[in-house]
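What follows is a short report on a single structure.
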Amino acid sequence: MLTGKTYAIILATGLLVSGCMLLGAKIETHKPNEAWWVSSEYKATKNTIYGIPVSEIDSEWKKVSILDMGYLKSRLSKYQYLKLQESDLVFSASRSFDGEPNMEIFFVGVYESHSGQKGRFIAIKRASEILKYFIHPGFSGYSAIYMDDD
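For reference, each letter of the sequence shown is one residue, going 497 to 646 in the working numbering.
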């Protein structure tokens, strides 16, 4: 069972998903003083998440990409990659929020639906089951998670 603290973390992460960084398929010109990740878009290319077919998670989804350092390494400059490694933000985190022995894994990514809709998501997984996911339709851009250890 998810606790109130978990919901607060999920809410904060959801807000973070609504406006973060880079995952490198397409970079468009941006305004002066605008962060480079604001206008970066990532392509959904896989049909499974941790071995789970995306259609079992959401019947509308066609493809996904989970954002992680491996995905970004070839899409970022060396400087951008190093700065990202120094960040307190992560693409996935493991915690046991409900005292169960199996840890929940929180992770972010991008999706594309059969109708062509794109967007970002954050999902919570335990073992081989997606417990919950949240989407932000529209721009398939950067998302990250900030976990407060308190």
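Even glycine gets a Cβ: it sits at the ideal position worked out from N, Cα and C. Computed from a predicted structure; not experimentally measured.
{"query": "Assigned exposure category for His-632 - 16 Cβ within 10 Å defines buried", "result": "buried"}
{"query": "Buried versus exposed, by CB contacts within 10 Å (16 or more), Thr-525", "result": "Because the pLDDT of Thr-525 is 49, which lies under 50, any placement of that residue in the model is unreliable, and the question is left without a value."}
{"query": "Own chain, CB closer than 8 Å to Asp-584, minus 5 neighbours either side, in chain order", "result": "Tyr-642"}
{"query": "Cα-Cα separation, Ile-545 to Gly-634", "result": "20 Å"}
{"query": "Backbone CA spacing between Phe-630 and Phe-617 [nearest angstrom]", "result": "5 Å"}
{"query": "Spatially closest choice to Ser-555 from Gln-613, Ala-619, Ser-609, Lys-621, by CA coordinates", "result": "Ser-609"}
{"query": "Phe-587 - DSSP class collapsed to helix/strand/coil", "result": "coil"}
{"query": "Per-residue DSSP class, three states only, for Glu-481", "result": "Residue 481 lies beyond the residue range present for the chain, which begins at 497 and ends at 646; the question has no answer from this structure."}
{"query": "Three-state class that DSSP yields for Asp-579 in the structure shown", "result": "The identity of residue 579 in the sequence shown is Lys, whereas the question assumes Asp. Looking at Lys-579 - three-state DSSP - the assignment turns out to be helix."}
{"query": "Best match in Ser-639, Ile-620, Glu-552, Asn-543 for proximity to Asp-594 [C-alpha to C-alpha]", "result": "Ile-620"}
{"query": "Nonlocal neighbours in the same chain, by C-beta distance under 7 Å from Tyr-577, ignoring five residues either side", "result": "Leu-568, Lys-569"}
{"query": "Nearest-angstrom Cβ-Cβ length linking Tyr-607 and Lys-559, presumed shorter than 8 Å", "result": "7 Å"}
{"query": "Per-residue DSSP class, three states only, for Lys-621", "result": "strand"}
{"query": "One or two residues paired with Thr-544 in a DSSP bridge", "result": "Pro-549"}
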